[in-house]
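Position 135 (the sequence shown) corresponds to 457 in our numbering; numbering is contiguous. The C-beta atom is built at its ideal place from N, Cα and C for all residues, glycine as well. I have placed the structure first, in the form of structure tokens, so that the comments after it can refer back to it.
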Amino acid sequence: MMQLLHSDVESRRFGLRVFRCTADALDVAALQDSIHRNKVDLAICRVPAIFLSRMSELDQLHMPYVVADILVHYAVDLETRGPATLRNADLDIVEGTVMDAGQLGSIVRQIFSDYTNHYSSNPLLAKPLILEGQVEWATGYLEGSDRTAWLIRRDGRLIGFFTHLYEPHEMTLVFGGVLPSERGGGIYRDFVRYSMNVAKERGCIRMHCSTQVHNIAVQGVWVAEGLVMKEPQLTFHVNALLGRRSKV
């Protein structure tokens, strides 16, 4: 069943009634019912990518929709892996705190200024708000016992970050990046290795990560470090705008 759940964070960010769902199959009738019952402005849905060939069924909604991206998931089993060695010995990697929010936000804007994701595919969403969403996402990892935002410094200068989400026996490398001026020196590979080391130290048996299918460079690093692709997901948006219409 495709049952939509309200997204408070995205609704505040975009000034719309934003709802989300992740489902194992495409069920247009159930989706249509949920959109109308909830007076949805924007539905963000994920289904297995095998349903790409059935996206034309969304025409039955009689609402604008956007096939927004393909999200690829990777994982690595850590039980048989030893500690990974970092290439850049001069990096200072520390846990961020709420006091670092300003600096972290600043480099997120630099790193992701041109990055595209499923939000970028939707003309309904303002580009500056999408970038600020990345900032909000990253700084949200500065607090909480189940998450960490790691800051990467070189010679005292903040040059990158990455974020972790912890679950029992598993960890997700959520996202991160390096300033454009620092790319090409293996820093990204180092924080993938660092992440695996952290996961092992915490007793995790598996590490996960995901990205848009067009993000080839990071996938190359993941494969080289032993991660394996799992089932990809298709993201689509439905621009129903029913909440807006109900106010007219």
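- In the DSSP assignment, Y396 falls within the unbroken beta strand (DSSP E) covering 387-399.
- Of the other Cβ atoms in all chains shown, fewer than 16 fall within 10 Å of the Cβ of E489; this residue is therefore exposed.
- Distance between V543 and L408, taken at the CA atoms: about 14 Å.
- In the same chain as D349, and ignoring 5 residues on each side of it, the C-beta atoms closer than 7 Å to its own belong to M323, M324, in chain order.
- Residue pairing by DSSP places N561 opposite L364 in a beta bridge.
- Distance from the CA of V416 to the CA of I474, rounded to the nearest whole angstrom, comes to 7 Å.
- Checking the DSSP bridge columns, you'll see L353 has no partner listed.
- With a cutoff of 7 Å on beta-carbon distance, I433 and Y441 are scored as not near each other.
- In this structure, the straight-line span from the alpha carbon of E492 to that of H530 is close to 8 Å.
- For A345, no beta strand (DSSP E) segment is defined, and its DSSP state is neither H nor E.
- For D414, the enclosing beta strand (DSSP E) covers residues 414-417.
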